[in-house]
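In our numbering, the protein residues as written are 146 to 362.
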Amino acid sequence: MSDQEAELRDRIVRLGRSAEALGLVMHAQGNLSCRVPDTDLVLITPTHIPYSELEPGDLVTLDLRGRKVRGRHSPSSESSTHLLAYRAHSEVGGCVHVEPPYLNALYCVGEQLPNILGNFVYLFGGKGLAVAPPMASGSEEFAERSLAAMGDRHGVVWQNHGLFCVGRDIRLAFERCVAAEQAARVYYLTLALDAGRPAPIPPEVQTEMIRAARRLV
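Structure representation (structure tokens):
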């Protein structure tokens, strides 16, 4: 195993534990993956192993067609969606699926998350989240519908299930999940105040926010 792969394995484990600490997942919910640069290989979390017990050696290595290359566990049941994202978008280097409670609550009742926070605007390019209707996950059909719904956006809500985000690397995909749940929490709290719906940030301000943020990175 290369030093690069070892570092990526450590990163996935750390982010999985961070996801649980931040309340984005519980126990063994969700899944994380990343592309191994300059290869056709993907590292992905296994199924049914709690993040508190997950170790770098537990991750599963797959090729882009889903054939297991390395690992003693079964890969996540939603690996087909991750793999399709990598095959369809060469620029995608990481995928994260979480089950955030505030975001799930909003979309379960038909709400959609408006662009009310600057970080959410920047990380999703002002395009917000796509929505895929409820469907049993884990199949190729589910993967195809998810990616079709997502289109050119960076995240898709699996209604009555959770959130799937992509990024040029796994850190960015994870940051997008965090930003979406943060915005959902703020939106939820504003609705609880019963003082009217929060107005989205004006489009021209969103554009300037995106420009300004890009100058800082």
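All C-beta atoms in this analysis are idealised placements derived from N, C-alpha and C, irrespective of residue type, glycine included.
Element boundaries [alpha helix (DSSP H), containing residue i]
| i | result |
| --- | --- |
| ALA325 | 315–337 |
| ASN260 | ASN260 -> no alpha helix (DSSP H), and no H or E assigned at all. |
| GLY238 | Premise fails: GLY238 is in no alpha helix (DSSP H) and is neither H nor E. |
| VAL170 | First-last for VAL170: undefined, no H or E at that position. |
Where the beta strand (DSSP E) containing residue i begins and where it ends
| i | result |
| --- | --- |
| ASP208 | 205–208 |
| ILE189 | 186–189 |
| ALA250 | Segment 246–253 is the alpha helix (DSSP H) holding ALA250; no beta strand (DSSP E) there. |
| VAL181 | Here VAL181 belongs to no beta strand (DSSP E), and DSSP marks it neither H nor E. |
| LEU308 | 307–312 |
| GLY300 | 300–303 |
| ALA275 | 275–277 |
Beta-carbon spacing of residue i, residue j below 7 Å
| i | j | result |
| --- | --- | --- |
| LEU258 | LEU274 | yes |
| GLY283 | SER222 | yes |
| ARG298 | LYS272 | yes |
Same chain only: Cβ atoms within 6 Å of residue i, ignoring 5 sequence neighbours per side
| i | result |
| --- | --- |
| ASP185 | ASP208, LEU209 |
Secondary structure of residue i, DSSP reduced to three states
| i | result |
| --- | --- |
| VAL362 | Residue placement at VAL362 is poorly supported in this model, since its pLDDT is 48, which falls under 50; the coordinates are not used for a value here. |
| ILE194 | coil |
| PHE287 | helix |
| GLY270 | coil |
| ARG217 | coil |
Proximal residues to residue i (C-beta, below 8 Å), its chain only, five neighbours per side dropped
| i | result |
| --- | --- |
| LEU228 | VAL187, LEU207, LEU209, ARG210, GLY211, ALA288 |
| PHE319 | LEU160, SER163, ALA164, LEU177, GLY239, VAL241, CYS310, GLY312 |
| ASP314 | CYS179, GLY238, GLY239 |
Beta-carbon contacts of residue i that lie in its chain and below 7 Å, excluding the five residues immediately before and after
| i | result |
| --- | --- |
| TYR267 | MET354, ILE355, ALA358 |
| ARG401 | Absent from the structure is residue 401, since the part of the chain shown begins at 146 and ends at 362. |
Presumed contact (8 Å Cβ cut-off) between residue i and residue j, rounded CB distance
| i | j | result |
| --- | --- | --- |
| THR190 | SER219 | That belief does not hold up - the Cβ atoms of THR190 and SER219 are roughly 11 Å apart, past 8 Å. |
Min CB distance residue i to chain D below 7 Å
| i | result |
| --- | --- |
| TYR196 | Looking at the structure shown, chain D is missing, and only one protein chain is on hand. |
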